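Let me begin by presenting the structure, written as structure tokens, before commenting on it.
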Amino acid sequence: METVRIKDAGEFPPEMQRVFAGVKRWFGLDFVPKMNRVTAYDPGFWAGFGRCGRRAMADGALRRELKEMIAVAVSTINACEY
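Note that numbering that gives the first Met the number 0 has the sequence shown beginning at 0, numbered continuously upward.
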């Protein structure tokens, strides 16, 4: 349950709209995850957060698809909302 209102993706400035479009493309989503919207309040912070996320989810010892399945399983166990 949210204790503060998180802006909808469309409420952010145009430069963040472009970033959000990239997030949706990268993850194959039709929405912008809450964590991305929260970190977008500080574009400087978001830049580092975005780079770390892409690096963590890129193919390596584990393929990206497996990492995403693990993330879904963990978020389901923890009752995370997206």
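Ideal placement from N, C-alpha and C gives every residue a C-beta, glycine not left out.
Predicted model, so just to flag it, every value in this text is computed and none were measured.
Could you give the residue range of the alpha helix (DSSP H) that holds residue i?
i: C51; result: 42-56
i: I76; result: 63-76
By alpha-carbon positions, which one of the options ends up nearest to residue i?
i: M15; options: C79, R63, R36; result: R36
i: T38; options: F19, A70, V71, E64; result: F19
i: W25; options: E67, V73, V3; result: E67
i: D7; options: R17, F30, V22; result: F30
i: M12; options: A60, T2, P42; result: For the sequence presented, residue 12 should be read as Pro rather than Met. Closest by alpha carbon: P42.
i: G49; options: S74, A72, L65, G21; result: G21
Please state whether DSSP places residue i in a helix, a strand or coil.
i: E10; result: helix
i: F26; result: helix
i: V3; result: coil
i: V37; result: helix
i: G21; result: helix
Less than 8 angstroms separating the beta-carbons of residue i and residue j?
i: A57; j: R63; result: yes
i: I5; j: K33; result: yes
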